[in-house]
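Each number in the working numbering corresponds to the 1-based position in the sequence shown with 5 added.
Here a beta-carbon is modelled for each residue, glycine too, at the ideal position from N, C-alpha and C.
Since the model is a prediction, treat every value here as computed from it, not as a measurement.
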Amino acid sequence: MIKRISAIIVLAVFGVFLCTYNPGVAGEFTAANVKQVQVTANNLHLRTGAGTNHTIITTLHKGNVLEVLGKIDDWYVVKMTDDTVGCVVTRYVKSYNPAPVTNPSDTSSATAMQTEMLGYINKARTDANLAPLKLDKALCDGALLKSQDMVNNNYFNHQSPKYGSPFEMMGKLGIKYNYAGENIAKHLTVKSAHEGFMNSSGHRANILGANYGKVGLGFVKSGGYLYVTQWFTN
């Protein structure tokens, strides 16, 4: 049953709404077609009811995200992250659809880190008058597998207890090459890992290898650290 109400005080306890009625301004409490909204105004009052005559609970700011519980005419009944409930004018908010949360081994997150690392690598190569490297899917898949293997088997070494040396591992994955190399790191960020590589002559030599044209980058987070594997081939 739709109730005619104008002022609303909602208690978010066991999913029950407690509403107060004011015959001065009527409205229908209905379901809303959005689940969350984001404040678009610089300042927006959250009120105890659907009308400017109702008490201001707090002032919201641009970018604040609110859960939508329902709608009364041109007002949304919303809940803040601290469970405070009130009403806001619909024209000062917009529908909010958050991006899906991913873990570092997910494609979207890994791709962001790959893009960042590739930028550092190719900047270093350009500064050294070398051709940039191209990101290779097969190498990226293998590099990710190596990083995950280090996490799963609790080691940090070029030699894998499961796959052997980097070159044996590449062979098992069907990767063909004339020249190949591997860099591994255990750092807090992509940037700090790159800086660590560049401060090590052996790792730097791989990044600036003139015989390389392709690179694979694999990242896995575990225990607060980022396990990084770089695979290079011609």
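Review point. Among T53, T116, E121 and Y101, which one has its Cα closest to the Cα of V93?
Key: T53
Check your understanding: Between L193 and the rest of its own chain, which residues show a CB-CB distance below 8 Å, the 5 nearest in sequence each way excluded?
Key -> G229, Y230 and L231
Exercise for review: With a threshold of 16 other CB atoms inside 10 Å of the CB of E173, please say whether the residue is buried or exposed.
Suggested key: exposed
Review point. Would you say N158 faces chain C, with C-beta separation under 8 Å as the test?
Key: The chain labelled as chain C is not found in the depicted structure, where only one protein chain is given.
Review point. So what's L74 in DSSP terms, helix, strand or just coil?
Key: strand
Point to revise | Nearest-angstrom Cβ-Cβ length linking G223 and L138, presumed shorter than 8 Å | key: The pair is not a contact, with the Cβ atoms about 15 Å apart (cut-off 8 Å).
Review point. Apart from the five residues on each side of it in sequence, which residues of its chain come closer than 6 Å, Cβ to Cβ, to L178?
Key: G147
Point to revise | Boundaries (first-last residue) of the beta strand (DSSP E) holding G91 | key: V90 to V94
Review point. Which stretch, first to last residue, makes up the beta strand (DSSP E) that contains I189?
Key: A185 to H192
Check your understanding: Are the beta-carbon atoms of I77 and A46 separated by less than 8 Å?
Key -> no
**Study point:** Closest Cα partner of G91 within the set D132, W236, T60 and G207
**Key:** T60
**Study point:** H199, DSSP secondary structure in three states
**Key:** helix
Point to revise | For I180, the nearest candidate out of T234, T89, A210 and A143 (CA to CA) | key: A143
Review point. Can you give the beta carbon distance from D79 to T95, rounded, assuming they're within the 8 Å contact cut?
Key: 5 Å
Exercise for review: Go ahead and label H66 buried or exposed: buried means 16 or more other beta carbons lie within 10 angstroms of its beta carbon, across all protein chains shown.
Suggested key: exposed
Exercise for review: Let me know the beta strand (DSSP E) ranges lying completely inside the stretch 125-183, each 3 residues or longer, listed in chain order.
Suggested key: none
**Study point:** Pairwise C-alpha distance: W236 and M175
**Key:** 9 Å
**Study point:** For N134 and S165, the rounded distance between their alpha carbons
**Key:** 34 Å
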